[in-house]
Every structure is written in structure tokens, then in C-alpha cells.
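Numbering (my numbering), first residue to last: 4 to 112. We put the CB at the ideal spot given by N, CA and C, even for glycine.
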DNA sequence: CCACTGACGTCGA
DNA sequence: GTCGACGCCAGTG
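Following this line, the structure appears as C-alpha cells:
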């Protein structure tokens, strides 16, 4: 079922995030045409826990800070997953963000 | 029913 | 260039 819900749209983009890459809420929001609704993107991620194909751990804020990490099951689970993909994380902050940053609008275009 | 908060980001001064 | 306030939509109190 293809639901045009804003949330479904977010999940769809999140699934498209390639391995070893990360994106930001605003990037997804902007791609959906709601740049100012970045908060909604994160809110949608609240339901991502019900979706296995939604690597929310690959979605971070514009600063590359693992803001949502606090919402994950464990404490360092998010960082653990990111490091497992080769992403360097330091103090909840992604290093080389500009290198691993995946822009849906630019990549998917 | 009304008000505030929330995985953020952009606009304004 | 830096700091502050507002906006988005939905859920919860």
C-alpha cells in the first residue's frame, strides 16, 4: 500500500540511504518539500521502530550530532551501528560528515 | 478544549 | 558573522 503520508515518505527516503552514509532530517524534509518541517521528520522516526528497513541510526541532525541516539534502545547502540558501517563517531558526533553525508535531493535528484 | 513539548532547521535582526 | 525567535505537524498533559 502506498500511503502518501508524510511519515511514509520519510521512511522511504531513509531506506534509500546507502551503506556507510548518513543524512540529516532537514535534507529529507527539504526533499519532501517541507524544509521547515524537519521536526516532523524526526517525529516520523518515532514510528521507525516499527519499521525494520528504516535505519534511523543513519539519520542525524544537520550538525552530524547523534541527537536521536538518546531515543534508541540502548545508549550507544546508534553509534555502535554507525561505527559498524565504517562511520567514525566521536562523542555522539559524526566525523567526516561532509564525506559520508548523503543528500537525497542531490543523489536521488 | 487549550497549551506545551518534541530525533530540527530556516529566517530575521 | 553571531545570536534569537519562529515554524512545521502531531501527540500528550
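In the three-state reduction of the DSSP assignment, residue 104 falls in the strand class.
Per DSSP, the unbroken alpha helix (DSSP H) holding residue 9 starts and ends at 9 to 18. Each of 112, 10 and 105 was checked against the Cα of residue 53, and the nearest Cα belongs to 10. Uninterrupted alpha helix (DSSP H) stretches at least 4 residues long and entirely within the segment 17 to 80 occur at 28 to 35 and 41 to 48, given in chain order. Around the C-beta of residue 78, fewer than 16 other C-beta atoms lie within 10 Å, and the residue is accordingly described as exposed.
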